[in-house]
Amino acid sequence: MWEQIRANRRRSAMLISLMGVVLVLLGYCGGEMILSGGGGLIGLIVAAVVLLVQLGFYFGGAQSLVLGEAAGAELKHDDCPRLFNIVEEMKLASGLAVMPKILLIQDPAPNAFAFGRTPETATIAVTSGLLQRLNRDELQGVIAHETGHLINQDVQFMMLAVVMLGSIAVLAQIVWRTMRLGGRARSRDESRGGGQAQLILLVVALLLAILGPLMARILYFACSRKREFLADACAAQFTRYPEGLASALEKIAQTAEPPAFVNKANTPMFIVNPLAAMEESSSVFDSHPPTGERIRILRSMAGASLGDYEAAYRKARGGGLIGAQSLQAAPAQAVRDASDEGPVLSRVDARATIRRNAGYAHVQCTCGLEIGVPPGYDRKEIRCVRCGSVWPVPTA
Amino acid sequence: MALGIGIGMFVLLALIATAVVIIGWLIAVYNGLVQLRNQLDNAWAQIDVQLKRRYDLIPNLVETVKGYAKHERETFERVTQARNMAVSAKSVGERAEAENMLSGALKSLFAVAEAYPELKANQNFLGLQEELTSTENKISFARQFYNDNAMGYNTRIQTFPTMFIAGMFQFTKRDFFEVKAAAEREAPKVSF
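Protein chains in written order, with the numbering used here: chain A, 1 to 396; chain B, 397 to 588.
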């Protein structure tokens, strides 16, 4: 387990530095092109500023940016014992040091995602629709997949990758625009003295400005897909029950409605891409592998270990996923039996939890209306807005 | 003469450099082993926490079931006895044995509960059932994590060249927390 985390970290560092190299090259060549003689340094400074601004977004409000208005209620054990217990089970199975926070989002579309940059802020969010549709084994599979993301530090890596991606795109725009603006004026007086070095710089800068952002994007999405597979492999290993996740993915993909808070920017975070759940074709700009393929790989596993996932993955896609060192460290594991615990949870009401956590008192009217009394309400009685009957306000 | 000093110096420097490299490697390997051992201890502690939680839940469960099924004394006694044995177990092997017995006894307790419809409708019982089932799961997940890592650790301290350092500083092999029959690996089946 720890071996795999380390291997993952090495790979992440490599990719981020690769994007860094592109950024530096683009800054240098672009600067040298636009202001010949010492322009490279200015280009580098511009690149650094762009990166700093993007990093500011990352360390600043990135979390609220991603979640937007979807903010839900943090769950405690008594709000939903089963979900809380399952998260704790997966915390133990994965060896996560800190218990992740659990966020419940009131949304009928079943989905889940993990976020949080540090172990202390790590959070697993699930929609109420997910709780209503999945049985215990399926829910465990989903939570295990999200725990896999946390263990592999995918959230951190993907956010950093977005920062690099954004910086490269912005810098490419700057280079591109200044070249078009200043290029004509300069070409008159410098066209004779340019020389070969100048030409090479021009070509490199142009190539990077055009292809850099594209390549970075392709790289980003390739990583995103790979990490989905890796989280699936971890889920199988943690739960010792690949079928749980497979059948959960099937159920999630079958719901056509995407959650209300989905936009293009936050799709890579979900367990199943909410905007293209059942698409079978794949392109280099997909954040998730086709769900059907993920299910097929999970179902063709011979056991429940990382090695079994690797074998199934190789058969389905060719090429390896998990490093040899991690495989060596992971012992073989058999699949456990299904637990026969009840089908799905009864209704879990996120709104009620949010209200209770905010200190709302609860009044049930005989006409069926549930009245939430805000904490600042200072009268002894409250009138039902539907039928007009008056009820005493319970004191906390 | 000058050449002689040069060679002597060179040999000395080479020796010092080799010593530095070896000592550096020793430190790195030793620290790595200590880290692994601490992580293992922590994993073991996690199992312990869950086992304790199960001991705490059991008297509650027995009391609740007793209220509805007075005639099942034998089953209660078996559960209580297995629990006490597990609490007082000393070695890892003994502990695992007692825990397995306890799992079996709990299974029969839940089987007994099956025959009492009023018991199955009791909210308190349902809550205890979720907690106990999950605690069983947590025990097996914590054990799974411990065993996976104990295996990695054991391999590490028995293979060349780490074995020398492991031997020097008494890093000893860890027992697995084993379950005998495959059937007993499952949590007690509770279906209502």
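In this text, a Cβ means the ideal position worked out from N, Cα and C, and glycines have one as well. Note that the structure is a prediction, hence the values are computed from the model and not measured.
Express the C-alpha separation of H288 of chain A and R296 of chain A in angstroms, rounding to a whole number.
Cα to Cα, R296 of chain A sits roughly 15 Å from H288 of chain A.
Do you know offhand how far F506 of chain B's Cα is from N533 of chain B's?
F506 of chain B and N533 of chain B: Cα-Cα distance of roughly 16 Å.
Looking at the structure shown, is T118 of chain A part of a helix, part of a strand, or coil, going by DSSP?
In the structure shown, T118 of chain A sits in coil (DSSP, three-state: anything other than H, G, I, E or B).
Could you compute how far the alpha carbon of R6 of chain A sits from the alpha carbon of V508 of chain B?
Going from the Cα of R6 of chain A to the Cα of V508 of chain B covers about 49 Å.
Classify E514 of chain B: buried if its beta carbon has 16 or more other beta carbons within 10 angstroms, exposed otherwise.
E514 of chain B comes out exposed.
For the beta strand (DSSP E) that P392 of chain A lies in, which residues bound it at each end?
P392 of chain A -> beta strand (DSSP E) spans 390-392.
How is the beta strand (DSSP E) around Q106 of chain A delimited, first residue to last?
Unbroken run through Q106 of chain A: none, as it is neither H nor E.
Please return the same chain residues whose Cβ sits closer than 6 Å to the Cβ of A169 of chain A, not counting the five positions on each side in sequence.
Result list for A169 of chain A: P213, in chain order.
Is there a Cβ of chain B sitting closer than 9 Å to that of M14 of chain A, yes or no?
Judged by the 9 Å Cβ criterion, M14 of chain A is not in contact with chain B.
Under 7 Å Cβ to Cβ from G27 of chain A, same chain only, skipping five residues before and after it: list those, please.
So the list reads G43, L44, V46, A47, L171, once near-sequence residues are dropped.
Would you list, in chain order, the members of the segment 533-545 of chain B that have their beta-carbon closer than 7 Å to a beta-carbon of chain A?
Result list: N533, K534, F537, A538, Q540, F541, D544, N545.
To the nearest whole angstrom, what separates the beta carbons of Y549 of chain B and F573 of chain B, a pair I think is in contact under 8 Å?
Contact flag wrong, Cβ pair sits at about 13 Å.
Taking Cβ-Cβ distances below 8 Å as the criterion, which residues of the segment 86-99 of chain A are in contact with chain B?
Per Cβ criterion, the list reads I86, E88, E89, M90, L92, A93, S94, G95.
In the DSSP assignment, find the alpha helix (DSSP H) that holds I297 of chain A and state where it starts and stops.
Here the alpha helix (DSSP H) through I297 of chain A covers 291-299.
Just the C-alpha distance for L208 of chain A and L55 of chain A, rounded to the nearest angstrom, thanks.
Between L208 of chain A and L55 of chain A, the C-alpha separation is close to 22 Å.
At what residues does the beta strand (DSSP E) containing A361 of chain A begin and finish?
Note, A361 of chain A: beta strand (DSSP E), 361-364.
If the cut is a Cβ gap below 7 Å, which residues of chain A does S591 of chain B touch?
One cannot answer for residue 591 of chain B here, as it falls past the ends of chain B, which runs 397 to 588.
Around the C-beta of E370 of chain A, are 16 or more other C-beta atoms found within 10 angstroms, so that it is buried, or is it exposed?
Per the 10 Å Cβ criterion, exposed.
Tell me A125 of chain A's beta-bridge partners as DSSP assigns them.
DSSP, once it has assigned bridges, lists A:L103, A:F113 as partnering A125 of chain A.
At the 9 Å Cβ level, is Q566 of chain B part of the contact set with chain A, yes or no?
Output row for Q566 of chain B: interface = no.
From which residue to which residue does the alpha helix (DSSP H) around V373 of chain A run?
Looking at the DSSP string, V373 of chain A is not in any alpha helix (DSSP H); the run it does join, the beta strand (DSSP E), is 370-373.
Buried or exposed: where does I401 of chain B fall if 16 or more other Cβ atoms within 10 Å of its Cβ makes it buried?
Classification of I401 of chain B: exposed, given that the 10 Å Cβ count is below 16.
In chain B, which residues lie with their C-beta within 7 Å of the C-beta of P119 of chain A?
Per Cβ cutoff of 7 Å: no residues; P119 of chain A is ~14 Å from chain B at best.
Can you list, in chain order, the stretches of the alpha helix (DSSP H) that have 4 or more residues and sit fully within the segment 481-534 of chain B?
488-509, 513-517, all fully within the segment 481-534 of chain B.
Give me, in chain order, the residues of the same chain whose beta-carbon lies closer than 6 Å to that of R227 of chain A; leave out the 5 immediate sequence neighbours on both sides.
Cβ within range, chain order: D154.
Determine which residues of the segment 515-530 of chain B have a Cβ less than 9 Å from any Cβ of chain A, and write them out in chain order.
Residues passing the 9 Å Cβ filter: G523, E526, E527, T529, S530.
Against chain A, with Cβ distances strictly below 9 Å, would A509 of chain B count as a contact?
For A509 of chain B, the answer is no, since every Cβ of chain A falls outside 9 Å of its Cβ.
Taking C-alpha atoms, which residue in B:I535, B:V430, B:A546, B:G500 lies nearest to R450 of chain B?
Looking at the Cα atoms, B:I535 is the closest of the given residues.
Looking only at its chain, what residues have a beta carbon closer than 7 Å to the beta carbon of V407 of chain B, apart from the 5 residues adjacent to it on each side?
Here the set comprises nothing.
How would you write the range of the beta strand (DSSP E) that I382 of chain A sits in, first residue to last?
It spans 381-383 - the beta strand (DSSP E) in which I382 of chain A sits, taken as one unbroken run.
Quick check on DSSP: helix, strand or coil for F229 of chain A?
It is helical.
Tell me the DSSP bridge mates of A73 of chain A?
DSSP, once it has assigned bridges, lists A:L104 as partnering A73 of chain A.
Could you tell me the distance, in whole angstroms, from the CA atom of H77 of chain A to the CA atom of G40 of chain A?
Rounded to whole angstroms, H77 of chain A to G40 of chain A spans 57 Å at the Cα level.
Applying the criterion that 16 or more other CB atoms from any shown protein chain within 10 Å of the CB defines a buried residue, is K91 of chain A buried or exposed?
Answer is buried; the Cβ neighbour count reaches 16.
From R539 of chain B to V390 of chain A, what does the alpha carbon distance come to, in whole angstroms?
Taking the straight line joining both Cα atoms gives about 56 Å.
Mapping the DSSP letters down to three states, classify F157 of chain A as helix, strand or coil.
Helix, per DSSP.
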